[in-house]
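Protein chains: 2
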Amino acid sequence: MANLHHHPLCAFSRSIRLALAECGLEVALTEEKPWEWRQELLALNPAGTLPVFVPDEGAPIAGSYAISEYLGDTAEARDPRGFQPFPGGLAERAEARRLVDWIHHKFHDEVTDYLVVEKVFRRFGPQSASPDMEAMRAGHDNLRYHLTYVGHLTETRSWLAGDVMSFADLAAAAHLSALDYLGEVPWEEFEPAKNWYALVKSRPSFRPLLQDRVAGFTPSETYTNLDF
Amino acid sequence: MANLHHHPLCAFSRSIRLALAECGLEVALTEEKPWEWRQELLALNPAGTLPVFVPDEGAPIAGSYAISEYLGDTAEARDPRGFQPFPGGLAERAEARRLVDWIHHKFHDEVTDYLVVEKVFRRFGPQSASPDMEAMRAGHDNLRYHLTYVGHLTETRSWLAGDVMSFADLAAAAHLSALDYLGEVPWEEFEPAKNWYALVKSRPSFRPLLQDRVAGFTPSETYTNLDF
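Which chain is which? The protein sequence lines are L and V, in order.
Be aware that the first sequence starts at 0, since it is given in numbering that gives the first Met the number 0, and climbs by one per residue.
Be aware that the second sequence starts at 0, since it is given in numbering that gives the first Met the number 0, and climbs by one per residue.
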């Protein structure tokens, strides 16, 4: 069986778990602690980052970018009516990729990095330390701005990038779900973003993520609740 | 004519200028100062980042990720024998994308961000400041590690990702060329990386980049020299 090396609260890993499930690909999960720089992980991905997808046959595919595009490249052959990470024509595909770029990098650097990496990964890392409160405050401020943008997109479109669900929705939901686990998302103040997230959260692909537990971190009360 | 919004020392912009030229696509260039948050740029790309490609027809395409994949999606129709940013089968495409990810993000965060953004963009930005010497030292150390990895790749392959040139080569050369403009690359100590860079640098697509000049920053002595 194919294998995915991941960490339960790594947003990049989560986005790929969702994409694999939407594509109907079953995988075994190998939990990694990226701060340990495990030799076996470095052999699969010299950058030492997650996720890494090891297909049944062929070389490992490292990183959410290469994996999501691999799923796009193989979607048609797998199931022409199945999930396509980058659906539509050139303009629609470019829009989905613009948003994935925004979420996996801008949102990550301005929010996830402050609120998840700072709170969880830093605690286990080699330079173990308490969260930097200044950084967390910045993360909270930035999150509000990004939730407004998500809401803005969903008020004019069915899904973030257009009429059909794309990898952009899965990537955004992945980051928000990691934040939600930690109780960091003020959903009540961002109704349009909340409505969109409820849609993604209720998909069967999301169920395994809602069962994740990380030692030392209890999920927020609303984390598993589909009617949050 | 199609248009590219860019900044001469933005490595992401440079990678796309090279890719457009390799694809035989002529574009007009519009120079942006991203630290000014110009309304017209934000209308093209709400993230305010570069580059943005405005094709002859159709919507603008924002960011090096979406643009490079757009060039991949359209390569076959444009010229089946022309440049393909992500050439080969599934494994080769995944390898090129892994390396683009590494260069545009890991290399960027660990080197370019310290040595170019810190030195050039920070000077013009709203919080104009002198370079942070600690950050620059870290950037120099990290650069040596990355140049070793580039050399390692080129000792077993013709190009970074395999037998043919891909967008991974253009992305890596783009970052290194911005650093080279500022005289930050210790080429003499990294012969294999230097030999690979000399190959990319001598391509016709590279010529316009060698003519770039940024006010306040004189290019290094070897910047335009093909026999550096």
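Don't be surprised by glycine CBs; every beta carbon is placed ideally from N, CA and C.
Note that the structure is a prediction, hence the values are computed from the model and not measured.
Using the Cα positions of residue i and residue j, report the straight-line distance between them to the nearest angstrom.
| i | j | result |
| --- | --- | --- |
| Pro-33(L) | Lys-105(L) | 21 Å |
| Leu-114(L) | Ala-172(L) | 15 Å |
| Thr-223(L) | Ala-167(L) | 22 Å |
| Ala-42(L) | Pro-59(L) | 10 Å |
| Leu-17(V) | Ser-204(V) | 6 Å |
| Pro-218(L) | Glu-109(L) | 22 Å |
| Gly-88(V) | Glu-220(L) | 46 Å |
| Glu-187(V) | Leu-169(V) | 21 Å |
| Asp-140(L) | Pro-185(L) | 11 Å |
| Pro-7(L) | Ala-214(L) | 11 Å |
| Thr-48(L) | Val-119(L) | 16 Å |
| Glu-154(L) | Ala-160(L) | 12 Å |
| Glu-183(V) | Thr-111(V) | 10 Å |
| Gln-178(V) | Arg-77(V) | Residue 178(V) is actually Leu in this sequence, not Gln. Near 32 Å, if we compare the C-alpha coordinates of Arg-77(V) and Leu-178(V). |
| Ser-129(V) | Leu-181(V) | 15 Å |
| Phe-189(L) | Ser-201(L) | 18 Å |
| Thr-29(V) | Tyr-64(L) | 28 Å |
| Arg-121(L) | Phe-123(V) | 32 Å |
| Asn-2(V) | Phe-52(V) | 6 Å |
| Glu-94(V) | Asp-162(V) | 12 Å |
| Leu-152(L) | Phe-227(V) | 49 Å |
| Ala-90(V) | Thr-73(V) | 20 Å |
| Asn-44(L) | His-107(L) | 20 Å |
| Val-116(V) | Phe-216(V) | 13 Å |
| Arg-212(V) | Gly-23(L) | 51 Å |
| Asp-131(L) | Val-199(L) | 31 Å |
| Arg-206(L) | Ile-102(L) | 22 Å |
| Pro-79(L) | Pro-79(V) | 24 Å |
Should residue i be labelled buried (16 or more other beta-carbon atoms within 10 Å of its own) or exposed?
| i | result |
| --- | --- |
| Ala-301(L) | This structure gives no information on residue 301(L), because the portion of chain L shown stretches from 0 to 227. |
| Trp-36(V) | exposed |
| Leu-98(L) | buried |
| Gly-231(V) | Because chain V is modelled from 0 through 227, residue 231(V) falls outside the range shown and cannot be assessed. |
| Arg-96(V) | buried |
| Glu-56(V) | exposed |
| Arg-92(V) | buried |
| Ser-157(L) | exposed |
| Glu-75(L) | exposed |
| Gln-210(V) | exposed |
| His-83(L) | Note that residue 83(L) is Gln in the sequence shown here, rather than His. Burial call: buried. |
| Arg-225(V) | It is worth fixing the name first, because residue 225(V) is Leu in this sequence and not Arg. When all chains shown are included, Leu-225(V) counts as exposed. |
| Glu-39(L) | exposed |
Using a Cβ cut-off of 7 Å, pull out every chain L residue sitting near residue i, in sequence order please.
| i | result |
| --- | --- |
| Ala-46(V) | Trp-101, Lys-105 |
Under 8 Å Cβ-Cβ, which residues of chain L neighbour residue i?
| i | result |
| --- | --- |
| Tyr-144(V) | In chain order: nothing, as chain L lies at least about 11 Å away. |
For residue i, go through chain V and note every residue whose CB falls closer than 8 Å to its CB, in chain order.
| i | result |
| --- | --- |
| Asp-140(L) | Here the premise fails: no neighbours, minimum Cβ distance about 17 Å. |
| Thr-73(L) | Leu-89 |
| Gly-57(L) | Leu-89, Ala-90 |
Listing by chain order, which chain A residues have their CB less than 7 Å from the CB of residue i?
| i | result |
| --- | --- |
| Tyr-69(V) | Structure shown: chain A not included; protein chains present are L and V. |
So residue i contacts chain L; which residues on that side make the cut at Cβ distance below 9 Å?
| i | result |
| --- | --- |
| Ile-60(V) | Leu-89, Ala-90, Ala-93, Glu-94, Arg-96, Arg-97 |
So, under 8 Å CB-CB, residue i and residue j are touching, yes? Tell me the CB distance rounded to an integer number of Å.
| i | j | result |
| --- | --- | --- |
| Leu-142(V) | Ser-176(V) | Going by Cβ atoms, the distance from Leu-142(V) to Ser-176(V) rounds to 13 Å, so no, they are not a contact pair. |
| Ala-27(L) | Met-0(L) | 5 Å |
| Glu-25(L) | His-4(L) | Wrong, their Cβ atoms sit about 16 Å apart, outside the cutoff. |
| Phe-85(L) | Ser-165(L) | 6 Å |
| Ser-12(V) | Pro-54(V) | 16 Å between Cβ atoms; not a contact. |
| Asp-100(V) | Gly-150(L) | Wrong, their Cβ atoms sit about 29 Å apart, outside the cutoff. |
| His-174(V) | Ala-10(V) | 4 Å |
Cβ-heavy atom distance between residue i and the ligand MN below 7 Å?
| i | result |
| --- | --- |
| Tyr-148(L) | In terms of ligand content, the structure shown is empty, and the ligand MN therefore cannot be addressed. |
Given that residue i touches chain V, what residues does it touch there, using C-beta distances under 7 Å?
| i | result |
| --- | --- |
| Tyr-64(L) | Arg-96, Asp-100 |
Checklist entry - Looking at C-beta atoms only, is the number of pairs between the stretch 127-138 of chain L and the stretch 60-71 of chain L that lie closer than 8 Å three or more? => result no
Next on the checklist: Would you call the stretch 180-194 of chain L in contact with the stretch 145-159 of chain L, where contact means no fewer than 3 C-beta pairs closer than 8 Å?
Outcome noted: yes
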